[in-house]
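Encoded as structure tokens, the structure appears first; notes follow it.
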Amino acid sequence: MQFEQRMAWYALKPAGYQEAAFYQRYLLFYELFPGFAVGASLKAHAQVAQNLDLRLRYQRSFRR
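And the structure:
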């Protein structure tokens, strides 16, 4: 299980979209088998959650 937290700043955003200049994204992933994971992500502005999505992740290592 993997947890990630990201904080981002809006460089450009549509007029009237949000007052906040920053948002946070919280991600939770579960690795099904090496290289493949499923998870969910939540986007929030301060204490207000705005978007929840589901994700599939494929990660390939190029190390020898």
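Residues are numbered in the working numbering as their position in the sequence shown, beginning at 1, plus a constant of 2. Heads up, the beta-carbon is just placed ideally off N, CA and C, and yes, glycines get one too.
When the beta-carbon positions are compared, F38 and Y60 come within less than 7 Å of each other. Counting only residues of its own chain and dropping the five nearest sequence neighbours on each side, Y25 has a CB closer than 7 Å to the CB of A10, K45, A46 and H47. Excluding residues up to 5 positions away in sequence, F31, Y32, L34, L56, R57, L58 and R59 lie with their Cβ nearer than 8 Å to the Cβ of V40 in the same chain. If one requires a minimum length of 3 residues, the beta strand (DSSP E) runs lying completely within the region 12-48 are 24-35 and 38-47, in chain order. Counting along the chain, the unbroken beta strand (DSSP E) around Q52 starts and ends at V50 to Y60.
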